[in-house]
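**Q** This structure is in structure tokens; I'll ask about it shortly.
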Amino acid sequence: MSEKKIIVVGIGPGNEKYITPAAVEKIHAAKFLVGGRRALETFAKPNQEIFPVTKEIDAAINFIREKISIAPVVVMVSGDPGYYSMLETLKKNFDAALIEVIPSISSLQLAFARLALSWHDATLLSFHGRRPNDEDLKFTPQKILGLLTDAEFNSATISKILISLGWAATSQINICARLSYPDEKIISTTLGDAAIAEPVKHCVLVVRSMDR
Ligand SMILES: C[S@@+](CC[C@H](N)C(=O)[O-])C[C@H]1O[C@@H](n2cnc3c(N)ncnc32)[C@H](O)[C@@H]1O
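Sequential numbering from 43 applies to the sequence shown in this note's numbering.
Here it is, written out as structure tokens:
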């Protein structure tokens, strides 16, 4: 196996209690550490050279390209790297053989755990900077959805979209915000009420048809 130069480390939903020992080991051993400002504030040590990831992703890619000739670069991403993270951008810019991935707990996993629900038959989709296909979102009996959100596609706008795609306004929705943090909040309501309530942004939504 070729030497891994870019180590993409999942840091879980946010609270340090939910990060794996394998991830912590990689982060602590890093000479070069890349991640969001919040992750860097939490994990970076003074002896590490850090680079904050912003919307200017190219700047982070250039930093990684420059540093991997010196030592491996650890890239911290929220949740699990395999579910809508910077991993895909890295694979477009670097040979996949250079990349090692350390998995972690996704915000979706924690949301389902909080609700004591299995997710093996859930339809998992992301509204984070995208809109999933109507075909995948539309109501079918027994369906359970797990959704990432953003500021535009929030608890209210998504509830309206789902109602327009055949979901009953009485369907149950769990709005899971700030998962793992001390101010974590889970609101259990209906799609009809969530559609007209104050929007909750950057949360996980779990939506269930009434027959589940
Ligand atoms: C770019 S996606 C990253 C997803 C991440 N890879 C994962 O596995 O959770 C960011 C979105 O994940 C969700 N998210 C991440 N952390 C969260 C948390 N602690 N509580 C609730 N939702 C969270 C929100 O929908 C947020 O807008």
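The beta carbon of each residue, even a glycine, is placed where N, CA and C say it ideally should be.
Computed from a prediction, not measured in an experiment: that's the story for all the values here.
How about Gly52 and Ser201: are their beta carbons less than 8 Å apart?
**A** No, the Cβ-Cβ distance between Gly52 and Ser201 is not below 8 Å.
**Q** Buried or exposed: Gly56, going by 16 or more other Cβ atoms within 10 Å of its Cβ?
**A** Label assigned to Gly56: buried.
**Q** From the DSSP output, read off the bridge partner residues of Phe74.
**A** According to DSSP, Phe74 bridges with Glu91, Val115.
**Q** Quick one: what does DSSP say Leu157 is sitting in, helix, strand or coil?
**A** Of the three classes helix, strand and coil, the one that applies to Leu157 here is coil, per DSSP.
**Q** Please report how far the alpha carbon of Ala198 lies from the alpha carbon of Glu45, in whole angstroms.
**A** Taking the straight line from one Cα to the other gives about 46 Å.
**Q** In chain order, what residues of the same chain have a beta carbon less than 7 Å from the beta carbon of Phe93, not counting five sequence neighbours either side?
**A** Here the set comprises Val76, Ala102, Phe105.
**Q** Where does Gln151 land, buried or exposed, given buried means 16+ other C-beta within 10 angstroms?
**A** When all chains shown are included, Gln151 counts as buried.
**Q** Using three-state DSSP, classify Glu142 as helix, strand or coil.
**A** In this structure, Glu142 counts as strand in the three-state DSSP scheme.
**Q** My output table needs one value for Ile165: the three-state DSSP class, helix, strand or coil.
**A** Before going on, a small fix: residue 165 reads as Thr here, not Ile. Correct three-state label for Thr165: strand.
**Q** For the beta strand (DSSP E) that Ser230 lies in, which residues bound it at each end?
**A** From DSSP, the beta strand (DSSP E) with Ser230 extends over 227-232.
**Q** According to DSSP, is Ala193 helix, strand or coil?
**A** In this structure, Ala193 counts as coil in the three-state DSSP scheme.
**Q** Thr232 and Ile215 look like a contact to me (Cβ under 8 Å); what is the Cβ gap, rounded to whole Å?
**A** 7 Å between Cβ atoms; contact.
**Q** Got a sec, what are the start and stop residues for the alpha helix (DSSP H) Ile103 sits in?
**A** That run of the alpha helix (DSSP H) goes 99-109.
**Q** Cβ atoms of Gly188 and Ala153: under 8 Å apart, would you say?
**A** Cβ atoms of Ala153 and Gly188: closer than 8 Å.
**Q** Examine the Cβ distances between the stretch 178-186 and the stretch 240-253 and report whether three or more of them are shorter than 8 Å.
**A** Result yes; three or more Cβ-Cβ pairs closer than 8 Å.
**Q** Is His244 near ligand 1, going by C-beta to nearest heavy atom under 7 Å?
**A** Yes, ligand 1 has a heavy atom inside 7 Å of this Cβ.
**Q** Quick check on Arg250: does DSSP put it in helix, strand or coil?
**A** Strand.
**Q** Throw me the rounded Cβ distance for the Gly255 and Ser149 pair, which I believe falls under 8 Å.
**A** Outside the displayed span of the chain (43 to 254) sits residue 255, for which this structure offers no information.
**Q** Would Ile69 and Val116 be called neighbours here (beta carbons separated by less than 8 Å)?
**A** Cβ atoms of Ile69 and Val116: closer than 8 Å.
**Q** Have a look at Ile217 and Cys245 and give me their C-alpha separation to the nearest angstrom.
**A** Straight-line Cα distance between these residues: approximately 7 Å.
**Q** In angstroms with no decimal places, state the Cα-to-Cα distance between Asn196 and Ile112.
**A** Roughly 42 Å separates the two Cα atoms.
**Q** At a cut-off of 7 Å, would you count Asp192 as near ligand 1, judging by its Cβ distance to the nearest heavy atom?
**A** Yes.
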